[in-house]
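**Student:** Structure in structure tokens, see below.
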Amino acid sequence: MNASHNSISSQHCATRVVDVVPAVMQCIHTEVRLQKSSCLSIPQIRTLAFLQANIGASLAELADYLGVSSASTSVMVERLVQKQFVTRIAHPKLRRQVVLNLTPEGEDHLQSVRQVTRDRIAERLSHLPEDRLANLLDGLEELSLVFSNI
């Protein structure tokens, strides 16, 4: 394969990723919002997911991930603490920092939301033949590898 073909293919793939990923994310957000069992907003669900992947994260790390101010993040975290989904404790060494973690209730809620969302997405994909599902899965695995170091 020559360099020109690689560059055209990667450019076309990049265009499709940029076009398709927002639509997929919008679908996922809609599915999460439609869940009657969830009393949380999308940013709150994203917070739970971040804290699951980043045990003991700081408020600043969470704010950076969410792309909002530390003050806004602090208010949202306080709501999650009140719902008993997150713990917020003083950092043992850094006086002005807090350590954030999911509670078992937060973990359960996040898993429940994710399972319902997966079920609804699976329903949307169920009409595809097995070979197309396999191709889709292969493509998603490739995307995961390409973006795993971010």
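Add 72 to a position in the sequence shown, counting from 1, and you land on the number used in my numbering. Ideal Cβ positions, reconstructed from N, Cα and C, are used throughout, including at glycine.
When you compare the segment 85-99 with the segment 162-175, are there three or more beta-carbon pairs, one atom per stretch, that lie closer than 8 Å?
**Tutor:** Too few Cβ pairs lie closer than 8 Å, so no.
**Student:** Only counting the same chain, and skipping five residues up and downstream in sequence, which positions put a Cβ closer than 7 Å to that of M148?
**Tutor:** Answer for M148: P115, Q116 and T119, listed in chain order.
**Student:** Does DSSP classify T102 as helix, strand or coil?
**Tutor:** Helix, per DSSP.
**Student:** Does the separation of the CB atoms of C99 and I193 fall below 9 Å?
**Tutor:** Yes; because the gap between Cβ atoms is below 9 Å, this pair is in contact.
**Student:** Our contact map puts S142 next to A132 with C-beta atoms below 8 Å; I'd like the distance itself, whole angstroms only.
**Tutor:** Contact flag correct, Cβ pair sits at about 6 Å.
**Student:** Take T145 and list the residues in its own chain whose beta-carbon comes closer than 7 Å to its own, dropping the five residues that flank it on each side.
**Tutor:** Excluding positions up to five away in sequence, the list reads L131, L134, A135 and L138.
**Student:** Express the C-alpha separation of M97 and N221 in angstroms, rounding to a whole number.
**Tutor:** If you take the alpha carbons of N221 and M97, they lie about 20 Å apart.
**Student:** Which ranges would you report for the beta strand (DSSP E) in the segment 131-219 if only whole runs of at least 3 residues count?
**Tutor:** The qualifying runs are 158-162 and 170-174.
**Student:** When you compare the CB positions of L217 and L208, do they come within less than 9 Å of one another, or not?
**Tutor:** Contact: no.
**Student:** Do you know whose CA, among L166, R204 and V158, lies nearest N126's CA?
**Tutor:** Nearest of L166, R204 and V158 to N126, Cα basis: V158.
**Student:** If you draw a straight line from the C-alpha of E177 to the C-alpha of D91, how long is it?
**Tutor:** Between E177 and D91, the C-alpha separation is close to 36 Å.
**Student:** Starting from the C-beta of V153, find all residues in its chain whose C-beta is less than 6 Å away, skip the five residues before and the five after it, and write them out in chain order.
**Tutor:** Only R160 meet the Cβ criterion.
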